[in-house]
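Residue numbers (my numbering): -8 to 316.
By construction, the Cβ of each residue, glycine as well, lies at the ideal position given by its N, Cα and C atoms.
Structure record follows, encoded as structure tokens.
Shown next as structure tokens:
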């Protein structure tokens, strides 16, 4: 009886251990709403992971900054507070210039160039993340950033003296080089600030333009695709190393699929945004050759400034990118 009881206890302990292993559960904070294409892509990614791991690895998505606020996500996943997270890479450019590489305007305009730039940035980015105990799983670009103005632009000189909405150090520098006055405004405040004359122009994507109903306060959108800021999904290296090999493989495989899918979703979101702006009466156009040349000149200056700040790593990224063009 005692032997049987001991065997039953041991069997129960082994079963509990196996169950615990079978139910590895990670929390994953993301900054955006459930409807945003990045979040929809993340949810498909975690479904793929769970399926590929045979249900052994469950990832619970906490969208809209509900678990951890966006500015705190890099630290949270680096310290192991969470094992996996998604965030806007450029938001942390003040911690490492490599993170801000894709925020330099007019260097890699359009999706094809943005993808080539990502391939040039990726090896350097992976090393920067590794220093923080992180592994890059995948990265997806936002739609290209364009200019919104109340009046049509005859040249970029028309932006001189305007109050220009910015959202990062590099967009503020862009405003300065355009002769405009940079004004930091969060997305929810955009309509009111335009309505009250607090700002006259801004640079953002057609996705943000549609979400803020830009046609209610501006009439012109210039499709410069100045840059494509990227989100990254990263995993804590220690957390990753604790997983069995099959679960690690499930994560890596699902991530590769999510990256490819996410870029296509981004392209579709840009097309949808452009069409929605036009349907609501906005003039959606490409800048003329003279205007484009002027933007490129500013982009070249900002690239030089960023390269100096980023040092050897910045030089390596730009050299690799220019070699791919």
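Residues near residue 55 in its chain [Cβ-Cβ closer than 6 Å; skip 5 each side] = Walking along the chain shown from the start, residue 55 turns up at place 64. Correct list, in chain order: 24.
What separation, rounded to the nearest whole angstrom, lies between the Cα atoms of residue 183 and residue 168?
-> As a first step, residue 183 must be located in the chain shown, where it is residue number 192. As a first step, residue 168 must be located in the chain shown, where it is residue number 177. Approximately 26 Å, taken between the alpha carbons.
Three-state secondary structure (DSSP) of residue 2 = Here residue 2 is taken as the residue at index 11 of the chain shown, counted from 1. In this prediction, residue 2 has a pLDDT of 47, which is less than 50 and means its spatial position is unreliable; what the coordinates show is noted afterwards. Correct three-state label for residue 2: helix.
Run the CB neighbour count on residue 305, radius 10 Å, all protein chains shown included, and call it buried at 16 or more, exposed below.
-> Position 314 of the chain shown holds residue 305. Under this definition residue 305 is a buried residue.
Cα-Cα separation between residue 308 and residue 160, rounded to whole angstroms = As a first step, residue 308 is located in the chain shown; it is residue number 317 there, counting from the start. As a first step, residue 160 is located in the chain shown; it is residue number 169 there, counting from the start. Roughly 20 Å separates the two Cα atoms.
Check residue 173 in the structure and name its three-state DSSP category.
-> Counted from its first residue, the chain shown places residue 173 at position 182. Strand, per DSSP.
In terms of DSSP beta bridges, what is residue 77 paired with?
-> Position 86 of the chain shown, counted from the first residue, corresponds to residue 77. 224.
Please report how far the alpha carbon of residue 153 lies from the alpha carbon of residue 79, in whole angstroms.
-> On the chain shown, position 162 is the one that residue 153 refers to. On the chain shown, position 88 is the one that residue 79 refers to. Each residue's alpha carbon lies about 28 Å from the other.
So who's on the other strand from residue 127, going by DSSP bridges?
-> Taking the first residue of the chain shown as position 1, residue 127 is located at position 136. DSSP, once it has assigned bridges, lists 225 as partnering residue 127.
Between the segment 73 to 91 and the segment 199 to 209, do three or more beta carbon pairs fall short of 8 Å?
-> no
Just to confirm, are residue 74 and residue 231 a CB contact at a threshold of 9 Å?
-> Along the chain shown, one-based indexing puts residue 74 at 83. Along the chain shown, one-based indexing puts residue 231 at 240. Against a cut-off of 9 Å, the Cβ pair of residue 231 and residue 74 comes out as a contact.
DSSP-derived helix/strand/coil call for residue 308 | If you number the chain shown from 1, residue 308 lands on position 317. Residue 308 falls in the helix class under three-state DSSP.
Simplified DSSP state of residue 93, which is helix, strand or coil | By one-based count along the chain shown, residue 93 stands at place 102. Assigned with DSSP and collapsed to three states, residue 93 falls in helix.
Just grab the DSSP bridge partners of residue 16 for me.
-> As a position in the chain shown, residue 16 is number 25, starting the count at 1. Its beta-bridge partners are 49.
In chain order, what residues of the same chain lie with their CB nearer than 6 Å to the CB of residue 29, ignoring the 5 residues before and after it?
-> By 1-based counting over the chain shown, the position of residue 29 is 38. Excluding residues within five positions, the ones whose Cβ falls inside 6 Å are 23, 222.
Distance, residue 45 Cα to residue 290 Cα | The residue labelled residue 290 in the question sits at position 299 within the chain shown. The residue labelled residue 45 in the question sits at position 54 within the chain shown. Each residue's Cα considered, the two are about 48 Å apart.
So residue 107 is in the alpha helix (DSSP H); what residue range does that whole segment cover?
-> Looking up residue 107 in the chain shown gives position 116. Run containing residue 107: 102 to 121, per the alpha helix (DSSP H) assignment.
Does the Cβ of residue 295 have 16 or more other Cβ atoms within 10 Å, making it buried, or fewer, making it exposed?
-> Here residue 295 refers to the residue found at position 304 when the chain shown is read from its first residue. Flag for residue 295 reads exposed.
Start-to-end residues for the alpha helix (DSSP H) that takes in residue 264 = Mapped onto the chain shown, residue 264 falls at position 273. Run containing residue 264: 236 to 270, per the alpha helix (DSSP H) assignment.
Residue 314 vs residue 111 beta-carbon contact at 9 Å = Position 323 of the chain shown holds residue 314. Position 120 of the chain shown holds residue 111. Cβ distance < 9 Å, so residue 314 and residue 111 count as in contact.
Inter-stretch contact at 8 Å, needing at least 3 Cβ pairs: the segment 95 to 115 / the segment 234 to 244 = no
Measure the Cβ-Cβ separation of residue 258 and residue 129 and say whether it is below 9 Å.
-> Taking the first residue of the chain shown as position 1, residue 258 is located at position 267. Taking the first residue of the chain shown as position 1, residue 129 is located at position 138. For residue 258 and residue 129, no; Cβs fall outside 9 Å.
Simplified DSSP state of residue 194, which is helix, strand or coil = Here residue 194 is taken as the residue at index 203 of the chain shown, counted from 1. In the structure shown, residue 194 sits in a strand (DSSP, three-state: E or B).
Straight-line gap, residue 391 to residue 204 (C-alpha atoms, nearest Å) = Residue 391 lies beyond the stretch modelled for the chain, which goes from -8 to 316, so this question has no answer here.
Where residue 136 sits in the DSSP three-state scheme | Here residue 136 is taken as the residue at index 145 of the chain shown, counted from 1. Looking at residue 136 - three-state DSSP - the assignment turns out to be strand.
Residue 270 to residue 126 span [Cα, whole Å] = For the purposes of this step, residue 270 is identified with residue 279 of the chain shown, where counting begins at 1. For the purposes of this step, residue 126 is identified with residue 135 of the chain shown, where counting begins at 1. The alpha-carbon atoms of residue 270 and residue 126 are separated by roughly 42 Å.
Taking the beta strand (DSSP E) that residue 156 falls in, what are its first and last residues?
-> Sequence index remark: in the chain shown, residue 156 carries index 165 (1-based). Its beta strand (DSSP E) spans residues 154 to 157.
How would you call residue 272, buried or exposed, if buried means at least 16 neighbouring beta carbons within 10 angstroms?
-> Counting from one through the chain shown, the residue named residue 272 turns up at place 281. Per the 10 Å Cβ criterion, exposed.
Just how far apart, CA to CA, sit residue 278 and residue 213?
-> Position 287 of the chain shown holds residue 278. Position 222 of the chain shown holds residue 213. For residue 278 and residue 213, the distance between alpha carbons rounds to 6 Å.
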